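The next block holds one structure in the form of C-alpha cells; read it before the comments.
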Amino acid sequence: MIRVQGEPFDAGREIGAFFEGRTDVGGIATFIGLVRGHQSGTNVAAMTLEHFPGMTERALEAIEAEARRRWQLSDVLVIHRYGRMLPGEPIVLVATASAHRASALDACAFLIDWLKTKAPFWKREETAEGERWVEARASDDEAAARWD
Amino acid sequence: MIRVQGEPFDAGREIGAFFEGRTDVGGIATFIGLVRGHQSGTNVAAMTLEHFPGMTERALEAIEAEARRRWQLSDVLVIHRYGRMLPGEPIVLVATASAHRASALDACAFLIDWLKTKAPFWKREETAEGERWVEARASDDEAAARWD
Amino acid sequence: MRVRYFAWVRDRIGVSEETVQPPADVTTVGALQVWLGERHPAFAHALEEYPDLVKSAVNLEFAGPSRSIKPTDDVAFFPPVTGG
Amino acid sequence: MRVRYFAWVRDRIGVSEETVQPPADVTTVGALQVWLGERHPAFAHALEEYPDLVKSAVNLEFAGPSRSIKPTDDVAFFPPVTGG
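Below is the structure:
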C-alpha cells in the first residue's frame, strides 16, 4: 500500500499495525528516513518536500509492483510525507512482510533505493544561510543501479 | 544495546523509542522476526525458544561490536525473546541507526544473518503431531557466510 | 498542452504551470524544451547551464527528450528527484 | 568441570547439567565428548548418528573439538543454533 501525505506519521505505530495479527509472515523489514539536523557541516532548521501530485502515487505504485514481481511478499507499505518537517521527523517509511527474511530485507532495500531515484520528490533545506534545494547524489543512482 | 528477555515486547513501540529525539540520523533499518503459524505445511500452535543464559548475551554483544566495527552506526538495538510464544508474536527485533541509509540497511541484514547462526537459541515447535526441534537450515549458513 | 515546472526549475522560471500551444513542428519533449526556452529565457539558461539536471515527464511518467508529444499531453520539467 | 547440555542433546541424555571429573588424559573437547559418551550412551549415539549436529562451547564461547580444556572450564554441548 502507498500513502503520500502532508501530515506527520508515527512510524513505530505504523509498523506495529503493519504486522499486527499476521501469522503467515516470518520477517518484517523496515526502513525509516528521518530529517537530519545537519548536512555537510551545515545546520538544517527544517526541510520542505515538494512533490508532483498524481505522478508521485503512480511512481510509487509502479515501484511496489516491481518489488512484488521480484520477491514473494505478503505485504508492502510505503508512506512518504510532503510539506515542511523538522529534524528528527520521519520523511518516509518502507515496510515489507515475507515468509522468509531474505525476501523482506532485499525488497525493503530495493524499495528505498528505487524510491530515491524514481519518485518525484524534491527536498529544500532551511539553513542559517537561507534555503537551498538539495542536490541529487551519484551514490543514490549507484544504489538504484545495482537492482537493474 | 542487547536485550534478552522472556517477556513479550511491542516491536513498534521499541522502534519508535529507538529513533525518538534523534536528529543526527538519516536512516533507521529494522528487522522483526515473527512466529509463523505454519512451517513446511504443518500448523504451528506455539514456539518455545531455549537459550544459553550468559553465552547468549556475550554472543549478541560480539555481533553488535562487529557490526559497529564494519559500519558507522549511531546506534544498535537487538531484542531477543526466549520462552514460549504464539504465532504472530515477535521473537527478535534488530534496529540500526546511521547517518546514511546503506550502512543502516547493510548492518541490519548482517546482524540478523549472524544472529541466526552465532547466537545460542534453539526453537521447538508445538504441532498437532507433537513437539519438534526446528532444524538448522543451510540457507542460514549461506546468508551468514556472505559477510565473512 | 499543459506544462508544469517543479522545484528549482519552477523557481527560476517563476511559473509553476501554464497552457501552451506550440507550433506543429514541436513534436518531441526536446523540441518543446527549446521552444519553451524562447518564452522563458531562465529556462533556456538552465538547460544550457545544467543540461543533465533538467528531467521531464509526459502524462505522469518519466520521458526523455526524444519522446513524442501531442497537444493533449501533460508535460513536466523538474530537477533530478531527491526524495526518500 | 561443569558440563551443560541444551535442546535435543539434553533431551536425549536426560541431564541438563552435571559436574564431572574426567581423567587427566582428557585434554580436549573432542576427548571429553568421547569420555562423556561412555557415561551417557544416548550422547555417544547422537555423536555417532549426527556428528555434524553436536556443537560445543567452552566458557561461553563456541569451540571446536580440538579446543583444549582444563578442570575449571565450563563446557556445553548443543545442536546447531536456530534462533532469530
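Residue numbers (my numbering), protein chains in the order written: chain R, 79 to 226; chain B, 79 to 226; chain U, 169 to 252; chain H, 169 to 252. Note that the Cβ used here is the ideal one computed from N, Cα and C, for glycine as well. Remember, predicted model here, so these are calculated numbers, not experimental data.
* V170(B) at chain H interface by Cβ criterion, 7 Å -> The residue labelled residue 170(B) in the question sits at position 92 within the second sequence. Yes, V170(B) counts as interfacial toward chain H.
* Asked: Once you ignore the five residues that flank G84(B) on each side, which residues in its own chain have a CB closer than 8 Å to its CB?
  -> As a position in the second sequence, residue 84(B) is number 6, starting the count at 1. Around G84(B): R159, Y160, G161.
* Between which two residues does the alpha helix (DSSP H) containing T134(R) stretch? -> Taking the first sequence and counting its residues from 1, the one referred to as residue 134(R) is at position 56. That run of the alpha helix (DSSP H) goes 133 to 148.
* Spell out the partners DSSP gives R170(U) in its beta bridges. => Numbered from its first residue, the third sequence carries residue 170(U) at position 2. The partner list for R170(U) (beta bridge, DSSP) reads T187(U), D242(U).
* Asked: Going by the CB atoms, is the gap between I93(R) and V156(R) shorter than 7 Å?
  -> Taking the first residue of the first sequence as position 1, residue 156(R) is located at position 78. Taking the first residue of the first sequence as position 1, residue 93(R) is located at position 15. Not a contact, by the Cβ cut-off of 7 Å.
* Asked: How would you list, in chain order, the residues of chain H whose beta-carbon sits under 9 Å from the beta-carbon of A89(B)?
  -> Taking the second sequence and counting its residues from 1, one reaches residue 89(B) at position 11. None at all; the shortest Cβ gap to chain H is about 14 Å.
* Chain-ordered neighbours of L193(B) on chain H, where CB pairs are closer than 7 Å -> Working through the second sequence from its first residue, we reach residue 193(B) at position 115. Per Cβ cutoff of 7 Å: G251, G252.
* Asked: What's the gap between the Cα of A214(R) and the Cα of D219(B)?
  -> As a working mapping, residue 214(R) is identified with position 136 in the first sequence. As a working mapping, residue 219(B) is identified with position 141 in the second sequence. Spanning the two alpha carbons is a distance of roughly 38 Å.
* Answer yes or no: does any C-beta atom of chain U fall closer than 7 Å to that of I190(R)? => Within the first sequence, residue 190(R) is the residue found at index 112, counting from 1. For I190(R), the answer is yes, since a Cβ of chain U falls inside 7 Å of its Cβ.
* To do: Using a threshold of 7 Å, state whether the C-beta atoms of E207(B) and M125(B) are closer than that.
  => The count along the second sequence starts at 1 and reaches residue 207(B) at position 129. The count along the second sequence starts at 1 and reaches residue 125(B) at position 47. Their beta carbons are not under 7 Å apart, which means E207(B) does not touch M125(B) by this criterion.
* Asked: List, in order along the chain, the chain R residues whose C-beta lies closer than 7 Å to that of E231(U)?
  -> As a position in the third sequence, residue 231(U) is number 63, starting the count at 1. The sequence given here places Ala at residue 231(U); Glu does not occur at that position. Chain R residues near A231(U): none, gap ~11 Å exceeds 7 Å.
* In terms of alpha-carbon separation, which member of W225(B), L183(B), P198(B), A216(B) lies closest to T108(R)? -> Within the first sequence, the letter at position 30 stands for residue 108(R). For the residues W225(B), L183(B), P198(B), A216(B), the minimum Cα distance to T108(R) belongs to L183(B).
* Leaving aside the five residues before and after H116(B) along the sequence, list all residues of the same chain whose C-beta is less than 7 Å from its C-beta, in chain order. => As a working mapping, residue 116(B) is identified with position 38 in the second sequence. Excluding positions up to five away in sequence, the list reads V122.
* Same chain, Cβ closer than 8 Å to L189(R), five either side skipped, listed in chain order -> Taking the first residue of the first sequence as position 1, residue 189(R) is located at position 111. Around L189(R): F109, I141, E142, A145, V154, V156, V172, T174.
* Between the C-alpha atoms of A192(H) and P86(B), what's the straight-line distance to the nearest angstrom? -> Position 24 of the fourth sequence, counted from the first residue, corresponds to residue 192(H). Position 8 of the second sequence, counted from the first residue, corresponds to residue 86(B). C-alpha separation (whole angstroms): 46 Å.
* To do: Tell whether a beta-carbon distance below 7 Å holds between R235(H) and V197(H).
  => Here residue 235(H) refers to the residue found at position 67 when the fourth sequence is read from its first residue. Here residue 197(H) refers to the residue found at position 29 when the fourth sequence is read from its first residue. Contact: yes.
* To do: Please look up how many angstroms separate the CB atoms of L151(R) and G252(U), rounded, as I've assumed it's under 8 Å.
  => Translated into the one-based positions of the first sequence, residue 151(R) becomes position 73. Translated into the one-based positions of the third sequence, residue 252(U) becomes position 84. Their Cβ separation, rounded to whole angstroms, is 19 Å, which puts L151(R) and G252(U) out of contact at 8 Å.
* Note the first and the last residue of the continuous beta strand (DSSP E) segment covering L155(R). => By 1-based counting over the first sequence, the position of residue 155(R) is 77. 153 to 159 is the span of the beta strand (DSSP E), which, as asked, contains L155(R).
* To do: Could you give the DSSP three-state label for H116(R): helix, strand or coil?
  => Reading the first sequence from its first residue, position 38 is the one you call residue 116(R). Looking at H116(R) - three-state DSSP - the assignment turns out to be strand.
* Asked: What do you get for S224(U), buried or exposed, if any count of 16 or more other CB atoms within 10 angstroms of its CB means buried?
  -> If you number the third sequence from 1, residue 224(U) lands on position 56. Per the 10 Å Cβ criterion, buried.
* **Within 7 Å, strictly: CB atoms of V113(R) and E167(R)** => Translated into positions along the first sequence, residue 113(R) becomes position 35. Translated into positions along the first sequence, residue 167(R) becomes position 89. A contact, by the Cβ cut-off of 7 Å.
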